Amino acid sequence: MKITRIVPLLDFGGVEQRIKHTVFGFKTFSKSTLDIIVLGGEGKISQELQLSGTHPIHLHQSFKIPNFRLIYKLYRLLKEIRPDIVHTSASEANFHGLFAAKMAGVPVRIGEEIGFPNHDWKWRLIFKWVYKSATKIIAISQAVKDRIVELGEVEEGKVEVVYNPVEIGSRSKVKDERSVSQTSDVNETLRFAPAEKAGRQSDVNNGESEKQFVFVTTCRLVPVKNLDTLIKVFSEIVEEYQDRGLKLWIVGDGPEKGNLEALVKKLGIHENVVFWGFQEDVVSYLKEADAFVLSSFSEGFSISLVEAMLCGLPCVVTNQGGPNEIVEDGKTGFLINPHQAENLKSKMLDVLNLSNEQRELIGERAQESGRKYSVENYVKRLLEVYST
Numbered sequence: 010m011k012i013t014r015i016v017p018l019l020d021f022g023g024v025e026q027r028i029k030h031t032v033f034g035f036k037t038f039s040k041s042t043l044d045i046i047v048l049g050g051e052g053k054i055s056q057e058l059q060l061s062g063t064h065p066i067h068l069h070q071s072f073k074i075p076n077f078r079l080i081y082k083l084y085r086l087l088k089e090i091r092p093d094i095v096h097t098s099a100s101e102a103n104f105h106g107l108f109a110a111k112m113a114g115v116p117v118r119i120g121e122e123i124g125f126p127n128h129d130w131k132w133r134l135i136f137k138w139v140y141k142s143a144t145k146i147i148a149i150s151q152a153v154k155d156r157i158v159e160l161g162e163v164e165e166g167k168v169e170v171v172y173n174p175v176e177i178g179s180r181s182k183v184k185d186e187r188s189v190s191q192t193s194d195v196n197e198t199l200r201f202a203p204a205e206k207a208g209r210q211s212d213v214n215n216g217e218s219e220k221q222f223v224f225v226t227t228c229r230l231v232p233v234k235n236l237d238t239l240i241k242v243f244s245e246i247v248e249e250y251q252d253r254g255l256k257l258w259i260v261g262d263g264p265e266k267g268n269l270e271a272l273v274k275k276l277g278i279h280e281n282v283v284f285w286g287f288q289e290d291v292v293s294y295l296k297e298a299d300a301f302v303l304s305s306f307s308e309g310f311s312i313s314l315v316e317a318m319l320c321g322l323p324c325v326v327t328n329q330g331g332p333n334e335i336v337e338d339g340k341t342g343f344l345i346n347p348h349q350a351e352n353l354k355s356k357m358l359d360v361l362n363l364s365n366e367q368r369e370l371i372g373e374r375a376q377e378s379g380r381k382y383s384v385e386n387y388v389k390r391l392l393e394v395y396s397t
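Okay, structure coming up:
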């Protein structure tokens, strides 16, 4: 089977990570050939793939909708490659790639909706038209599937749910292995295992104020992530628990950073909140934290959430979109309504006041649940969708 994936960019982000996992996963779990077409220029993931022996084709074109020249370039390229399947990801790739694939006579044409869309009537009509060129649509969660069907962009029977992959490999927690000597193999095995240090898994009920309790969130700093509410709620908790050494780590970057830093300063909690900026290896930060928080107004899936679960963290997360399918409330984490600040505060306090034993039990359940989002399972599911 000859497959061509089309994406806007290969820099950093969820789609880009998914392409990287797909490339490495296909090398391990499939005999199918895979070509990658990038509408724009080179980026970080492009360079990683090239170093590993995979060479994406970069068109260096503007992918702003519509670019009819880009559609023609894709058509010519697909006629040359002659794939059995074209799989596009993200709106720009869906628009240009699906039309080009249909023009080129590609038999299987799959578009992928990567987020939780809020299209106005004009874009609904556009994508209803675009998706007519597809033989199938992939949604990254049941919530995303329900949304695009609700918007009238595609009929329900045409949509398949394929959850995002997280690179697990042999990195999940192995019981009692934290006492093993620190060889490189063990470090790889324990990538997602909780760290064991003074600031990790701290028991805030024991009255030892020198032990910090760290809440962490990893995300783009954009309005939809609802970080201003998280910061305000955290400020209230700090005021009420001044002897607990509370910290909020914000790992990520984005246009809202300046506003959020100003809010932290205004609330007088600059010693409690740390902005770490964009980090390639968020797992290192997750392993040093005690709980994960995701307060978004909407989420298509959330790779960050699954990574936190694999690190054994109790997670307080939005009930909007994909996380509602990932977390079993009260068992593998805690769901909150992002529009209700008191609900967020209540659940954060619940986690803060868990005993070590309770926190570890929830963390173990979360790890077990997170393992089903492996690259191997993702590739198997993709191949199922491709073949039906």
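First residue of the sequence shown: 10, per the numbering used here; consecutive thereafter.
No residue lacks a Cβ here, since even glycine has one placed at the ideal position from N, Cα and C.
The structure presented is a predicted model; accordingly, all values stated were derived computationally and were not measured.
Do residue i and residue j have their C-beta atoms within less than 9 Å of each other?
| i | j | result |
| --- | --- | --- |
| T144 | V117 | yes |
| S61 | F33 | yes |
| I259 | L236 | yes |
| S383 | E337 | no |
| P75 | H105 | yes |
| Y387 | N173 | yes |
| V171 | E101 | no |
| K234 | E265 | yes |
| L6 | T238 | Outside the displayed range of the chain (10 to 397) lies residue 6, so it cannot be described from this structure. |
| V158 | N103 | no |
| G321 | E373 | yes |
| K82 | L68 | yes |
| V168 | S98 | no |
| N333 | L344 | yes |
| A375 | M318 | yes |
| I90 | T31 | no |
| L48 | V16 | yes |
| L79 | V95 | no |
| G267 | F287 | no |
| F222 | G254 | yes |
Excluding the 5 residues flanking residue i on each side, which residues of the same chain have their C-beta closer than 8 Å to its C-beta?
| i | result |
| --- | --- |
| M7 | Nothing about residue 7 can be read from this structure; the chain reaches only from 10 to 397. |
| R390 | V171, Y172 |
Looking only at its chain, what residues have a beta carbon closer than 7 Å to the beta carbon of residue i, apart from the 5 residues adjacent to it on each side?
| i | result |
| --- | --- |
| E316 | V175, V291, V292, L295 |
| A113 | Y84, L87, K88 |
| K111 | R118, S142 |
| F72 | P17, L48, G49, L79, E101, H105 |
| L7 | Residue 7 falls outside the range modelled here, since the chain spans only 10 to 397, and no answer is possible. |
DSSP on residue i, reduced to helix/strand/coil?
| i | result |
| --- | --- |
| K220 | coil |
| F104 | helix |
| L363 | coil |
| I147 | strand |
| E51 | coil |
| V231 | coil |
| D237 | helix |
| D129 | coil |
| A350 | helix |
| L60 | helix |
| Y250 | coil |
| I157 | helix |
| T37 | helix |
| E373 | helix |
| G114 | coil |
| K266 | helix |
| V175 | coil |
| K141 | coil |
| E393 | helix |
| E164 | coil |
| I28 | helix |
Shorter than 8 Å, the distance from the beta carbon of residue i to the closest heavy atom of the ligand PLP, or not?
| i | result |
| --- | --- |
| F125 | Among the components of this structure there are no ligands whatsoever, and the ligand PLP is therefore not found. |
Name, in chain order, the residues that DSSP records as bridge partners for residue i.
| i | result |
| --- | --- |
| S98 | E121 |
| L46 | Note that residue 46 corresponds to Ile in the displayed sequence, not to Leu. Answer is I15, I66, bridged to I46. |
| L255 | F222 |
| G261 | G286 |
| V170 | A148 |
Cutting at 6 Å between CB atoms, please list the residues of its own chain near residue i, excluding the five before and the five after it.
| i | result |
| --- | --- |
| K11 | T42, P92, D93 |
| G407 | Here the chain covers residues 10 to 397 and nothing more, so residue 407 does not appear. |
| G52 | L18, L19, D20 |
| V282 | L257, V273 |
| I45 | R14, P65 |
Less than 9 Å between CB atoms is the rule here; does residue i satisfy it with respect to chain C?
| i | result |
| --- | --- |
| Q151 | Reference to chain C is not applicable here, since this structure consists of a single protein chain. |
Checklist entry - Taking only runs of the alpha helix (DSSP H) that begin and end inside the region 65-95, which ones reach a length of at least 4 residues, in chain order? => result Counting only runs of at least 4 residues, the region 65-95 fully encloses the following alpha helix (DSSP H) elements, listed from N- to C-terminal order: 77-90.
Checklist entry - Quick one: complete beta strand (DSSP E) runs, 3+ long, within the region 281-319? => result Scanning the region 281-319 for uninterrupted beta strand (DSSP E) segments of 3 residues or longer gives 282-286, 300-303, listed from N- to C-terminal end.
Checklist entry - What runs of the beta strand (DSSP E), each 3 residues or longer, lie entirely inside the region 317-346? => result Positions of the beta strand (DSSP E) runs, each at least 3 residues long and wholly inside the region 317-346, are given as 324-327, 343-345 in order along the chain.
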